[in-house]
Amino acid sequence: MLLLNNDELCIYLNRMIRKLDILKYDYPLFNNRNEMNRFCEVFVNIEQLVCYMMESMDVVFLLNQLKQLSMVNIYLSSVNDREYFMNLLEEESHKLNSIYCIEGMDTKAPKLFMWIGRN
Numbered sequence: 072m073l074l075l076n077n078d079e080l081c082i083y084l085n086r087m088i089r090k091l092d093i094l095k096y097d098y099p100l101f102n103n104r105n106e107m108n109r110f111c112e113v114f115v116n117i118e119q120l121v122c123y124m125m126e127s128m129d130v131v132f133l134l135n136q137l138k139q140l141s142m143v144n145i146y147l148s149s150v151n152d153r154e155y156f157m158n159l160l161e162e163e164s165h166k167l168n169s170i171y172c173i174e175g176m177d178t179k180a181p182k183l184f185m186w187i188g189r190n
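Rendered as structure tokens:
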């Protein structure tokens, strides 16, 4: 995420981008938590996001950091503890006043679709 090191560019991206589709299968959006934190700082105003993530638990982090999100499509690498993830997602769904759908939970690459109507 070299582009996110340019402060002037980050200010511009923050103001202009509301919808971001950066899906590339088998290539995660973030390599580490620092990159994820920086992404959330730059794109704090994003409303729609489509991406691929390696860690299913990072989904909850994104949902809580990106307060303007109204729609998210996340393609996951896998879900290690399905029951825990489903319980966590259900809990977050209630907090965010959202509905969600997961396709292929029993496959290697589940897809999460969520529509958020924050309170």
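Residue numbers (our numbering): 72 to 190. Think of the CB as a built atom: it goes at the ideal place given N, C-alpha and C, for glycine as much as any other residue.
Annotation for residue 134: the continuous alpha helix (DSSP H) segment containing it runs 129-136. Note that the C-beta distance between residue 183 and residue 170 is not below 8 Å. Inter-residue distance for residue 99 and residue 123 is about 5 Å (C-alpha atoms, whole angstroms). Shown here for residue 167: same chain residues with a beta carbon closer than 7 Å to its own, the five before and five after excluded, namely 134, 187, 189 in chain order. For residue 140, the secondary structure class from DSSP, reduced to helix, strand or coil, is coil. With respect to the C-alpha of residue 126, the residue from 119, 116, 153, 147 having the closest C-alpha is 147. If the five residues before and after residue 121 are omitted, its C-beta is found closer than 6 Å to the C-beta atoms of 92, 94, 144, all from its own chain and listed in chain order. When DSSP reads this structure, residue 123 sits in a beta bridge with 146. The C-beta distance from residue 117 to residue 82 rounds to 14 Å, too long to meet the 8 Å contact threshold. In the three-state DSSP reduction, residue 98 falls in the coil class, being neither helix nor strand.
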